[in-house]
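**Student:** Under the numbering used here, the first residue of the sequence shown carries the number 3, and numbering increases by one thereafter.
No residue lacks a Cβ here, since even glycine has one placed at the ideal position from N, Cα and C.
None of the values given here were measured: they were computed from a predicted structure.
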Amino acid sequence: KDEIKSFFGAYNLNVFIDKALKQYSVDFIKARINNVRGHGIPAIGNSKMFFLNGIKQKYNDENLITTSKKIIAYKKYCDSIGIEFFASVFYPEAVEFLESIKVKRYKIASRTCTLKDPYSIETIEKIGITKKPTIISMGMGGNKKMIKQKISNNKDLFCYCISKYPTKISEINWKKAMEYNGFSDHTLGFTAPIIFSVLHKQKGTKKIFIEKHVKNKNSKGPDASSSMTTEELTKMISTIRNIEKLSIKNI
Numbered sequence: 003k004d005e006i007k008s009f010f011g012a013y014n015l016n017v018f019i020d021k022a023l024k025q026y027s028v029d030f031i032k033a034r035i036n037n038v039r040g041h042g043i044p045a046i047g048n049s050k051m052f053f054l055n056g057i058k059q060k061y062n063d064e065n066l067i068t069t070s071k072k073i074i075a076y077k078k079y080c081d082s083i084g085i086e087f088f089a090s091v092f093y094p095e096a097v098e099f100l101e102s103i104k105v106k107r108y109k110i111a112s113r114t115c116t117l118k119d120p121y122s123i124e125t126i127e128k129i130g131i132t133k134k135p136t137i138i139s140m141g142m143g144g145n146k147k148m149i150k151q152k153i154s155n156n157k158d159l160f161c162y163c164i165s166k167y168p169t170k171i172s173e174i175n176w177k178k179a180m181e182y183n184g185f186s187d188h189t190l191g192f193t194a195p196i197i198f199s200v201l202h203k204q205k206g207t208k209k210i211f212i213e214k215h216v217k218n219k220n221s222k223g224p225d226a227s228s229s230m231t232t233e234e235l236t237k238m239i240s241t242i243r244n245i246e247k248l249s250i251k252n253i
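#1: Along the chain, where does the alpha helix (DSSP H) that runs through I153 open and close?
#2: Starting from the C-beta of Y182, find all residues in its chain whose C-beta is less than 7 Å away, skip the five residues before and the five after it, and write them out in chain order.
#3: Output the boundary residues of the beta strand (DSSP E) element that contains N199.
#4: Along the chain, which unbroken stretches of the alpha helix (DSSP H) at least 4 residues long are found entirely within the region 64-125?
#5: May I have the straight-line CA-CA distance separating I239 from K214, to the nearest angstrom?
#6: Work out the CA separation of D29 and S139 for me, nearest whole Å.
#7: Put S240 into one of helix, strand or coil per three-state DSSP.
#8: When burial is assigned at 16 or more other CB atoms within 10 Å of the CB, is Y121 buried or exposed?
#9: State the Cα-Cα distance for the pair D63 and E233, rounded to the nearest angstrom.
#10: With distances taken between CB atoms, is the gap from I153 to I131 smaller than 7 Å?
#11: Kindly indicate which residue of K247, K147, S82 and E101 has the alpha-carbon position closest to the one of V91.
#12: DSSP on I57, reduced to helix/strand/coil?
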């Protein structure tokens with residue numbers, strides 16, 4: 003156990019290490035992480051997170067391993083077509099890696115807000131040090147006041163979210179959603195983001211943020227069933243741009 007503790011880092015991880023060792027042997031954990039070590043910080047970090055949460059990794063396909071090279075390639079491609087690249091981070095080293103490729107903002111995922119994952123507090127604090135704009139998804143709850151304190155030097159944007167994949171549109175509390183300028187949406191299609199946009203337009207909100215999971219047509223990833231296609235994304239953006247032009251404030 004001491005050997006694994008030193009392998010996973012100096013954080014207070016005893017409860018998570020106990021969980022991992024119930025599922026795997028020490029040798030198996032070390033072998034798995036050493037196997038992805040050559041792929042860089044993202045692959046190592048993701049494997050650590052899986053093990054520390056006691057999750058059996060289903061996706062061992064080489065194509066599904068998040069590597070440093072892949073992320074750098076994504077960033078370069080996004081830069082070339084004028085799309086800003088950023089990412090959710092789940093461990094402190096990921097912040098250091100993304101700083102090295104000069105991302106402009108960060109995302110704190112719902113699960114990190116609950117502090118149930120290993121490295122959650124350390125990750126939020128590390129993001130705070132960057133002083134960069136940060137998007138926070140509150141789908142699983144969490145201590146909003148504490149998070150705001152730890153990223154007090156960052157421009158923050160909190161998102162209404164229901165962490166259910168997919169979410170039924172009838173499950174959305176629109177009154178609660180209007181308390182947020184951001185919407186991390188997991189419903190099918192884009193009806194919910196359109197409603198959110200119209201309600202905020204009536205309210206006079208100057209800027210909103212909408213997050214959707216997007217997939218290629220033949221995607222088989224873990225969130226494919228609740229993701230929209232690139233064609234649907236194009237239609238959603240076009241519709242929202244038309245809403246922006248309307249004069250419907252305080253109708």
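**Tutor:** Taking the coordinates as given:
#1: Here I153 belongs to no alpha helix (DSSP H), and DSSP marks it neither H nor E.
#2: Hits under 7 Å: F160, C161 and Y162.
#3: The question names Asn, but residue 199 in the sequence shown is Ser. Premise fails: S199 lies in the alpha helix (DSSP H), T193 to K205, not in any beta strand (DSSP E).
#4: Entirely contained in the region 64-125, the alpha helix (DSSP H) runs reaching 4 residues are, in chain order, 70-83, 94-102 and 112-115.
#5: Taking the Cα positions, I239 is about 11 Å away from K214.
#6: So the two alpha carbons sit approximately 36 Å from each other.
#7: Note: S240 maps to helix in three-state DSSP.
#8: Around the beta carbon of Y121, 16 or more other beta carbons sit within 10 angstroms, so the residue counts as buried.
#9: The predicted position of D63 is uncertain, since its pLDDT is 44 and thus under 50; a value taken from the coordinates is nonetheless stated next. When rounded, the distance between both Cα atoms is 27 Å.
#10: Their beta carbons are not under 7 Å apart, which means I153 does not touch I131 by this criterion.
#11: Residue E101 is the option with its Cα nearest to V91.
#12: Per-residue confidence for I57 stands at a pLDDT of 47, beneath the threshold of 50, marking its modelled position as unreliable; no derived number is given.
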